[in-house]
Each structure stands twice: as structure tokens, then as C-alpha cells.
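Novice: Take this structure, written in C-alpha cells, and hold onto it; I'll ask about it next.
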Amino acid sequence: MKAMSEITYKPGREPHSRETRRIFRNIDRVGYNPSIECFIEDGGYETLKKAVAMEPAAIIDEVKKSGLRGRGGAGFPTGVKWTFIPKGNTKPVYLVCNCDESEPGTFKDRFIVHQDPHQLIEGMIIACYAVQAHYAIIYMREEFPEAAEIVRKALAEAEERNFLGKNILGSGYDLKIILHRGAGAYICGEETGLINSIEGVRPYPRIKPPFFPAAIGLYGCPTIVNNVESLCQVRQVLMRGGEAYAADGSTRSPGTRIIGVSGDVQRPGYYEIISGSITYGELLYDLCGGPKPGRTFKAIIPGGASAKVMRCDEVLKGRNPDGSVRKMTIFDVPMDLDSIAQHGSMSGSGGVIVMDDSRSMPEMLRNLNRFFAWESCGQCTPCREGNPWMLKLSTRICEGKAAPEDVDLLKSVADNICGRTVCAFGEACSWPVQAFTTKFREEFLALTKPINALKPHNPETAEARKYLTRED
Amino acid sequence: MSSEQPILPKDAAAAEGKVNVQINGKWHRFPKGTRIADACNSVGVHVPCFCYHPKLSVAGSCRMCLVEQGMPPRLAPGATPTYNDDGYQTIQWMPRAIVACANTVAENMGIRTDGTVCREARRAVLEFLLTNHPLDCPICDQAGECKLQEYTADYGQPSHRFTEAKIKKGKNISIGPRVNLDQERCVLCRRCVRFMKEIVGEETLGVVGRGGHNAIACYPGKTLDSNYSMNVVDICPVGAMTSKDFRFKMRVWFLKSTPTIDVNCGTGTNINIWTREQQVYRITPRQNDEVNSCWMPDDHRLNYKYINAPERLLTPLIRTDAEAEQQPAAWEPLLRAVAEQLRLCKSSELAIIASARLTNEELYLTKHLADLLGIKALDIVPRMGESDGMLISADRNPNTTGAKLILGRDGSSLPDIVRGVKIGRIRSLIVLGEDVTAEAGISAEQLGELDYLLVVAHSESPTVRAADVVLPGVTFAEKYGTMINVTGRIQRLNRAIEPLGEARADWDILRALLQECGEATLKAVRATSSMDILEEMSEQFEALSGVTWANIGNCGRPVLETGVTIPLIEREKPRKS
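Protein sequences appear in the order of chains A and B.
Be aware that the first sequence starts at 187, since it is given in the numbering used here, and climbs by one per residue.
Be aware that the second sequence starts at 1102, since it is given in the numbering used here, and climbs by one per residue.
Pasting the structure below:
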């Protein structure tokens, strides 16, 4: 395994000095390709050899010790999730790798599956061994056709060298991994929706309880659904040892995180950092090079499209180490999983969307509304009916056809969706609306006119009103 | 624990396998695993639902049944729970409402349906449902029995805030030979989808489209042509699925529903007959978990048209001369004349072809008529077919079990009678409620050669046309009585409409005949209703001892062991446990 200093990256893709490349070690690396030779040359599958010599329970312990938390967005401790498989289970256990990276603003898994698939496969084999799954599925989103080919080839290569298949490395453990392609739906990233999609039915998320995947998942069997990055992190945990892994980064969310920055910064792109080692300010000004010339930062969506937007000039209350309260802004918040949650948003999948003062917030919200209205699965009432309504309202606000009350109505529709749906999509679609309309209320109101409340804006209503007014 | 310490409610409940649940401030005890929705409804706290149906899997998608829920606060490690004077822990209420259909009760759980959280949640769900739902109840066929309409009146808001253009979907789509679909009125509860998949076992219906454009549709190349398709109309909470037979025929609030049973096969499916002013408009299944669950086959449901058909016999008829046409006659003189004629017949030359479509009471009177006249040749017309593996029994007679019990006949001696008619051994025939030309194989000519043919029937048939005397009976919708289904369950038949025209209930005709024939000892001869006859029967038959009209109830009671089961009910049992 080469030392970091010996690795060269493609021009413009060199890591920043504050980055720590572990998962993304081989991404955009000069001379690296997705073949198994390349991976093995760089120390690949060594961790697997170590893992299959261990007891499965010992691996779970190690992962628990590491404090590794899922990287798909919810941040649930990976090791704890694995222990939810019912004791005395006699059904087959499935492991599903969630590669349906579809949260707008998130782009990390795509690099792994396109450029370094064996890293995922190795992590997956270790995870499967830990939970004793003999059949695993990589659920790949429809939008990654090339990656599907790359991963398929990688799976074949791994099988050829007995990292997969029967009696892996002489350990007596069998595993088959297959690739399943989605058909292009955001909701398939929700774990129970994803399971339904694999089963070949409509990807309506299942109702919890009783359908917790670790107990009743794919075909009614215990199923572990992990994100691509999480599985790669499992490999890191085993490579370094649980305790060593836990020593890096913030105590509650250790390890590295991959941050995808998009929007109005000088250098958008991916950055792998030690969790909590830098603040949002350092990320945007140092790593990303600050705002575009002549612009100032206005707002940040810190964790993918469904996270609540933060105003850059918002005054937040932070705590000093001695317990006293200090005033701070989003730029002072450290980049780990929990800090931003204290300020009402979430770090989610690590997709940071940055908006500068050239952006219209109502337009931004309308764009998000359009996404969520299109992606709602339609299973449960609030989300199915609420999303088109919110889209229509925000469209009307952007077109200047709304009255000031419509802004409050928009917020109230979101409030009515939030917390009342089958899956987390209800929150995902309503949080942006709640945050945008509250934090940038003046921008929304500026587009409205009180007179609009009296004007019929819906041609159907206008048609119906003919019958209500008398000619004389 | 010392003996003085009172037993806590939780322990008392646990001893009987139950849990204590507080619903709107009152404590109740429910078996473990009861769904919150069922628990609330069982104690009179109404939980509105669209998607939840007790016979189908839980979808949990309509979000109408959201209730406020609370549990005792989670204890710090090492702490012991504290109990109030009544022995319960305090309830910590959750800020989020949960669905009552998918969650089950737990010890010391609190449920509130009258608080702000619940009220707001219901109001919001109804507002959402109505955003894209047409607001045209006055022209919707479901009005009056529409859950959306009812819940909006109960829990909704008086005005709407949605002023945008509505999403357009398909209307008046014929998705099957008997069912129409209006996608705009659909609330996407997917009861129909689950019914077809889980009960019928045919995946015909599904959801198409994304998000707000979700709509129910048939899978490509399929139509909703199952013989159970019309059940989706019953379980559809709104006006999305409508019956082609019933839609726009009558406003439901004008209809009276009468609980009774289906007479198309031996299952005795429990039904409601919906009538107005002597006219039957539709038949719907009525829940009976021992007979038909909540379902019924389409062909049985639609087989009611004969009740109000022009072929109905409305007056007694007599043929005075063999060459002449049948003439209307008055009941009383005619009955006297019939009795006189029957007494003249030689009992060995007289036969009765009765019907297993008659009620137990009618069969009982038939038996006594036969005994009185000394008739040995007596049987029913059997109707055997094939079971459909669901609800339709192989026996297409509704009361074969009753005929076996009361007449001691099961149709096996019918060929003898038929042969007797053909070779002329039998010269006179009484036919009760059957068309022997179609079912027993006696031709109209052979009937014409009889000396005397008395027919009791409700509708025209070749047998009726060949008769010397026709006494107009009634259909199952016009009489009271009991029948015993294939599993040995006695069930009640209720009168939904008065006998049409001058027709009389069959039991009353038989009673009057017996009376005219001189029967004196039988109490049933003086019966004023079929209930009186049942009372006498309960003394005479061991199987019926203790059976009264009242204790049969609307769901019947088992009286015989037949060993026959209903496939659909058998399939449902493991699901229930």
C-alpha cells in the first residue's frame, strides 16, 4: 500500500491540505483504474483476509466500538443496526447496499462505484460476513449505467479470485453479490421502498412498525440496508481497528466524511475530511475558495436538498467549552453529524448546497418543490396531495400571482405534511418549505401583492365563478 | 410481594393475556396485539379510516386514523416505576400522532382522539384529500354512503384553502363488466388492490403514475372480470368504484336495508337487500365471519331482478277446462277447491316435488301435508354444481341441509317420481317452488297428461303454464323463515318487501292448504307467522331444540355437524390467528 505522499492526483483534483483521503484515496488518482489488479496492488482485499479469520460477532463488536454511523443521511450507528437481526433467526439474512444516491446535492457514492468499486465490494463482503448474509444485493440507481457495468465487471473479477462465491478464501463462508438496477425514483433510496423495488413491486415505503427491515425485510427476511460509503467505512474500521477509528474526529461521529459542495463557490466538488475537524466557514472559504468574485454567501443547505436551509447571516447560539453561550453563525459550526442538528438543520448525506446573493430564494424553493412533487411516491395522503399543492403555491409566488397570505398557507401545508407520513419523505419535502418560508419570508412577501387575493388565478375557478355573479 | 399489597391493574390484565389502555381518559382492557383502531371502535370511540379494512393487510397510507398516543415515561436506569392511586403509571404524550391501524395496544398506553393533535391531523388529511377530489357530491353516486363525505362533515373544515387547478385523472372508466372507475374520486386507499390480490388471488388492479398522479388501474391486458369484482365497490370508501348495475338508479338514503341471506347456493351468504317501495335495488354482502366474511360473488349479488320482473305471478290462477286458458281466481274459494281435489286423489297416485329453496318452516308444513294426504312420493330437486373454491358451494340449493333434516329427503328419490309421472303411475302432482320442466326433466306434454297439477311458484315457467291451479308464492325477499346452510348453520331470512300483488308467503299457502285439508292437531296450522312454526319445530326436532327466532340472530347459529366447510372462511382462519 503506497503512502499518501506517493500518490498523485489528476490536475485540479489534488486534495486540499486539510483533507484526509481514506475512502476517496483512489478517486481521480493518476494511474488508477477500477480493475482488481490495481486494487490489490494498493493493498486491496487484505482487510478481508483479516476479517474472515475473525468471528462474525467480533467484527460487529469492532464496528460498534468504532462508533461508525451510517452515511446515507440518517446517521444511525451501523454496528447497532446489524444487531437488530432477531436472535435465533432461522431465515436467510440479506444485505443490501443502497447505491441509489439520489438526494439532490449529494455526490459521493457515484465516485466510489465508478472509480473504486472493489473498495465497496470488499467492505460489503466484510459486512455480509459479519451479519452472516449469503446473498447480497447492490441496488444501483438507474442513472448510473456505466457504474453498473463497472461494478458487474468488478464482481466477476472478485469471484474469479475467490473473494466472492463458495468458500471464500478457504473460510467456508459463501457469498453471492448481485447487482440490481433501479428504474429511477428518489423514493427507492428509502430502505423499505428499495426493498419493495427489489421484490419487483411498487416502491412504496413500508409502514414501520411492523416492517423494520432488520426483522422483516426483503421477502420477509431480516435485511440490512447500508449506504455505499458506510460499507466502505466498515472496511476502514477493520483496517484500522475499532478503537483507532473512533479516535479520529468528533466523538459522536468519528471517522472521515465525504462532503459534496455544489453551488456558488469557487471550487465546488468533493472533500473528504475528518468529521468535525473543520467548520462550515473553513470548508467554504478555505477548501472551496470562497464565494464567486463580487458575491457574498447568502444561504447554505447543509445536508442534501431535504435539510433545512441555513441563512449565512443567521445568529446562532453556540456553547463554549465552559458552558457559556456565545453568538455564532453557520460558518462557526463544525462539520460533524450532530452540531448542525442543534441549530435546526441536519448534516444528512453531506451534500452542501451553497447559494450566494444572486439567488432568489423563492425560485430555489420552487425548484425543490418541483423535485419533491415529482418524486413523491403517492402512497400516503399528505405527501401525495401536499407536494403538488406546495409546488403550485410556490410557482404562483414566483410568478408574482400570489397574495401575502399564500406564503403562510405554503408554510401551513408543509406543517400539515411533516410528521404525518409513512416514511421520512414527508419531512424531506416539508422541511425545506418550512425553513425557506420562515428564514427568507421577506423575499417571498416581496413577490406577493395583496390585490392578488381577490383575483382568480385558477382558470377553472374563474369559469365556475361565472355562475355565481349576476350580470346586472 | 406481600399479600396485603393490592394487585396492580397491569398484573391483573397480564394474567388474562390483556393490557390496560386508556382511551380518551377511560381505562379499558384489550387482548394483546389488538390494533388501536379495533380497540377504539370496540369501546365506541370512533376512529375514521379509509385504507384500513379488518379483512385486508394494513396499508397505513390514508393517514386518516392518526391518533395521539402516549406511554409511561422511560425510566432512568435503576429507577422503579411509580403508580398513581388507581395503579397506573402517568402517561407521557407523544407530540406526533400515530396511525391507529398499524400499531397495536400496549400496557399502560394512552390514546386520545379528542385532543388538538388528533383533531388537527384529521382536519389536515381531509383537506389534502379534498384538494384534488371533485367537489360535486350532489351528482356523485356514492353520496350518502361516502366515507369522505361523512368524515368531512365530522372532522373536516367548513371552507377550503386550495384554490389551484386540480389534477385531472380518468373518469367513468369501465374497468370490468360490472364495475366502473372514477380515478378523480379515488382516495388511493388501495383496498381494491389488496382485495383482489389477497382475497381473490388475482393481481388485476394496481397503481400507476407518480405522486399526485397516482391512480388505480388494471394491469395491461387485464380487466376486472372476477366473479368477486363487485366487492371492490362495497369496500371502496368513496365513489371511485361504482357498480354498473346500481349506479345512478337510486339515492342510497331513500333505500331501506334488510339483513337476510342469499339463496343462490348452500353457503347462505349473509346479505343486505336494499329496497324502496316494493322495489329491490341492490344486494350487498353483510359481514359474517363464519359464513362469508365480508364478501359475496357477483352472480349471486345480481340475481335479484326476478323479484320485480314482469314474469311474477300476482294472482291465483285456475284452469277450469283442460282446453281453456288459466283464469284468475280468488284465494279462499280456490284453496277450498284445491283441498277438495287433493282429498279425492289416490295417495299412491299423488306426488309432491318440493324444493330445497323453501324455508325450514315451509318444508315442515310440506311434510305434514304429505303425511296428511298419505303421500309417500315426496322429494326435492337437487342442484349440484362445482364449488368455486371461494364462497359458492357445490350445492346450489340454499336449504338442502334443512330438507334432509325435515323431509328426510335429499333428492335421490326424485328420479322415481319423475319416472312415475312419465309412465303414468303418478296421476296428480304438487310442485312447490320449482320448474320441473327445466330441473327435473319432466316435459310440458307429460305435465299436460297429468290429471291434476298444483303449482306454487312466484314466477312464470312452463310448469306454471301447464298447471291446473297456480298459487302465487313469493321470492326470498318477501318472506320470513329459516334455512340451514351447508355447514349446518341455521340462518334467518327476513322480509325486505311485502308480497307483491295477491301473492302470499309460501308457508302461509301451505298452512292454509293444510287447514282446508282438515289438519287439526298441528299448532302450525293456526300460525300467524313463520316464527310460530319455528317454535313448534324446535320442540319436534332435536337439532333445533332451543332454537328461537331471536336467538338465531342476524348471524345464525350452528345446529348440525355436516363436516362441510366454506373454502374462503377456512383460508381466513389462519390469517386471523
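A virtual CB, placed ideally from N, CA and C, is assigned to each residue, including glycine.
So, does the CB of Gly1322(B) fall closer than 8 Å to a CB anywhere in chain A?
Specialist: Taking the first residue of the second sequence as 1, we reach residue 1322(B) at position 221. Chain A contact via Cβ: absent.
Novice: In or out: Glu1535(B) buried (at least 16 other Cβ within 10 Å) or exposed?
Specialist: Translated into the one-based positions of the second sequence, residue 1535(B) becomes position 434. Burial call: buried.
Novice: Under the assumption that Ser1448(B) contacts Ile1476(B) (Cβ atoms under 8 Å), give the Cβ distance between them as a whole number of angstroms.
Specialist: Against the second sequence, residue 1448(B) aligns to sequence position 347. Against the second sequence, residue 1476(B) aligns to sequence position 375. About 6 Å; that satisfies the 8 Å criterion.
Novice: By DSSP, does Glu458(A) sit in helix, in strand, or in coil?
Specialist: Indexing the first sequence from 1 puts residue 458(A) at position 272. Correct three-state label for Glu458(A): strand.
Novice: Run through the stretch 1328 to 1395 of chain B for me and flag every whole alpha helix (DSSP H) of 4 or more residues, listed as ranges in chain order.
Specialist: 1332 to 1336
Novice: Got a sec? Which residues, its chain only, sit under 6 Å from Arg497(A) by beta carbon, not counting five neighbours each side?
Specialist: Within the first sequence, residue 497(A) is the residue found at index 311, counting from 1. So the qualifying residues of the chain are Ala485 and Lys625.
Novice: Which bits of chain A does Leu1167(B) rub up against, with CB to CB less than 9 Å?
Specialist: On the second sequence, residue 1167(B) is found 66 positions in, with the first residue counted as 1. The answer, in chain order, is Arg606.
Novice: Under DSSP, the alpha helix (DSSP H) around Gln1170(B) begins and ends at which residues?
Specialist: Translated into the one-based positions of the second sequence, residue 1170(B) becomes position 69. No alpha helix (DSSP H) contains Gln1170(B), which is instead part of the beta strand (DSSP E) from Leu1167 to Met1172.
Novice: Mark Ala1394(B) as exposed unless 16 or more other C-beta atoms lie within 10 angstroms of its C-beta, in which case mark it buried.
Specialist: In the second sequence, residue 1394(B) corresponds to position 293, counting from 1. The question names Ala, yet the displayed sequence has Ser at residue 1394(B). When all chains shown are included, Ser1394(B) counts as buried.
Novice: Going by DSSP, what residue range makes up the beta strand (DSSP E) through Cys1319(B)?
Specialist: Residue numbering aside, residue 1319(B) sits at position 218 when the second sequence is read from its first letter. Run containing Cys1319(B): Ala1316 to Cys1319, per the beta strand (DSSP E) assignment.
Novice: Report all residues from its chain with a CB closer than 7 Å to the CB of Arg421(A); omit the five preceding and five following residues, and keep chain order.
Specialist: To locate residue 421(A), count along the first sequence from 1; it is residue 235. The answer, listed in chain order, is Thr233, Gln305, Glu308, Gly309 and Ile312.
Novice: Distance, Cα to Cα, Lys236(A) vs Pro548(A)?
Specialist: Taking the first sequence and counting its residues from 1, the one referred to as residue 236(A) is at position 50. Taking the first sequence and counting its residues from 1, the one referred to as residue 548(A) is at position 362. Lys236(A) and Pro548(A): Cα-Cα distance of roughly 53 Å.
Novice: Output, in sequence order along the chain, the residues in the stretch 1159 to 1191 of chain B whose CB is closer than 9 Å to any CB in chain A.
Specialist: Val1159, Ala1160, Gly1161, Ser1162, Cys1163, Arg1164, Met1165 and Leu1167
Novice: Going by beta carbon distance, what residues of the same chain come within less than 6 Å of Ile1493(B), once the five residues before and after it are set aside?
Specialist: Residue mapping note: residue 1493(B) aligns to position 392 of the second sequence, counting from 1. Cys1366 and Pro1398, listed in sequence order.
Novice: Using beta carbons (cut-off 8 Å, strictly below), is Ile324(A) in contact with chain C?
Specialist: Here chain C cannot be found, since the structure's protein chains are A and B.
Novice: Relative to the ligand ADP, is the shortest distance from any of its heavy atoms to the C-beta of Ile307(A) smaller than 7 Å?
Specialist: The model depicted lacks the ligand ADP and carries no ligand whatsoever.
Novice: List the whole-angstrom C-beta distance separating Ile336(A) from Cys283(A), where the pair is believed to meet the contact cut-off of C-beta under 8 Å.
Specialist: Numbered from 1 along the first sequence, position 150 holds the residue referred to as residue 336(A). Numbered from 1 along the first sequence, position 97 holds the residue referred to as residue 283(A). No, Ile336(A) and Cys283(A) are not in contact; Cβ-Cβ is about 14 Å, not under 8 Å.
Novice: I need the boundaries of the alpha helix (DSSP H) containing Val593(A), first residue and last residue.
Specialist: Counting from 1 along the first sequence, the entry for residue 593(A) is found at position 407. Pro590 to Ile603 is the extent of the alpha helix (DSSP H) around Val593(A).
Novice: So which of Leu1601(B), Asp1496(B) and Leu1479(B) has the shortest CA-CA distance to Ser1514(B)?
Specialist: On the second sequence, position 413 is the one that residue 1514(B) refers to. Comparing alpha carbon positions, the residue from Leu1601(B), Asp1496(B) and Leu1479(B) closest to Ser1514(B) is Leu1479(B).
Novice: To the nearest whole angstrom, what separates the beta carbons of Pro290(A) and Phe557(A), a pair I think is in contact under 8 Å?
Specialist: In the first sequence, counting from the first residue as 1, residue 290(A) sits at position 104. In the first sequence, counting from the first residue as 1, residue 557(A) sits at position 371. So it is a contact: roughly 6 Å between Cβ atoms.
Novice: Which residues in chain B have a C-beta closer than 8 Å to the C-beta of Ile393(A)? List them in chain order.
Specialist: Reading the first sequence from its first residue, position 207 is the one you call residue 393(A). Chain B residues near Ile393(A): Val1159, Ala1160, Gly1161, Ser1162, Val1200 and Ala1203.
Novice: Can you tell which of Thr1649(B), Gly1134(B) and Val1519(B) has its C-alpha closest to the C-alpha of Pro395(A)?
Specialist: Along the first sequence, read from residue 1 onward, the residue named residue 395(A) stands at position 209. Minimum Cα distance to Pro395(A) is reached at Gly1134(B).
Novice: Per DSSP, what are the beta-bridge partners of Asn638(A) in this structure?
Specialist: The residue labelled residue 638(A) in the question sits at position 452 within the first sequence. According to DSSP, Asn638(A) bridges with nothing at all.
Novice: Using 8 Å as the limit for Cβ to Cβ distance, is Gly159(A) near chain B?
Specialist: Nothing in the structure corresponds to residue 159(A), since chain A is present only between 187 and 658.
Novice: Using 10 angstroms around the beta-carbon of Asn1185(B), count the other beta-carbons present and answer buried if the total reaches 16, otherwise exposed.
Specialist: Numbered from 1 along the second sequence, position 84 holds the residue referred to as residue 1185(B). Burial check for Asn1185(B): the Cβ neighbour count within 10 Å stays below 16, so the residue is exposed.
Novice: When we look at the beta-carbon of Pro1338(B) and count the other beta-carbons within 10 Å, is it buried (16 or more) or exposed?
Specialist: Counting from one through the second sequence, the residue named residue 1338(B) turns up at place 237. Counting Cβ neighbours within 10 Å, Pro1338(B) comes out buried, since at least 16 surround it.
Novice: Assuming Ser383(A) and Gly368(A) are in contact, meaning their beta carbons sit under 8 Å apart, how far apart are those beta carbons, in whole angstroms?
Specialist: Locating residue 383(A) in the first sequence gives position 197, where the first residue counts as 1. Locating residue 368(A) in the first sequence gives position 182, where the first residue counts as 1. About 6 Å; that satisfies the 8 Å criterion.
Novice: Looking at Ser580(A): is its Cβ nearer than 8 Å to the Cβ of Leu595(A)?
Specialist: For the purposes of this step, residue 580(A) is taken as residue 394 along the first sequence, with counting starting at 1. For the purposes of this step, residue 595(A) is taken as residue 409 along the first sequence, with counting starting at 1. No. Outside cutoff.
Novice: Return no unless some Cβ of chain A is closer than 8 Å to the Cβ of Pro1675(B).
Specialist: Taking the second sequence and counting its residues from 1, one reaches residue 1675(B) at position 574. So no, Pro1675(B) is outside the interface.
Novice: So, for Ile1453(B): in the same chain, excluding its five sequence neighbours on each side, which residues have a beta-carbon less than 6 Å away from its beta-carbon?
Specialist: The residue labelled residue 1453(B) in the question sits at position 352 within the second sequence. Only Ala1471, Ile1476, Leu1479 and Ile1531 meet the Cβ criterion.
Novice: With H, G and I counted as helix, E and B as strand and the rest as coil, what does DSSP make of Asn553(A)?
Specialist: Counted from its first residue, the first sequence places residue 553(A) at position 367. Three-state DSSP puts Asn553(A) in a helix.
Novice: Residues in the stretch 1315 to 1342 of chain B with C-beta within 8 Å of chain A's C-beta atoms, listed in sequence order?
Specialist: Asn1315
Novice: Using the Cα positions of Gly1277(B) and Asp1346(B), report the straight-line distance between them to the nearest angstrom.
Specialist: As a working note, residue 1277(B) is residue 176 in the second sequence. As a working note, residue 1346(B) is residue 245 in the second sequence. Whole-angstrom Cα-Cα distance: 12 Å.
Novice: Are the Cβ atoms of Val1226(B) and Arg1279(B) separated by less than 8 Å?
Specialist: What you label residue 1226(B) is simply residue 125 of the second sequence in a count that begins at 1. What you label residue 1279(B) is simply residue 178 of the second sequence in a count that begins at 1. Against a cut-off of 8 Å, the Cβ pair of Arg1279(B) and Val1226(B) comes out as no contact.
Novice: Would you say Val423(A) and Leu633(A) are within 8 Å of each other, going by their C-beta atoms?
Specialist: Residue numbering aside, residue 423(A) sits at position 237 when the first sequence is read from its first letter. Residue numbering aside, residue 633(A) sits at position 447 when the first sequence is read from its first letter. Contact: no.
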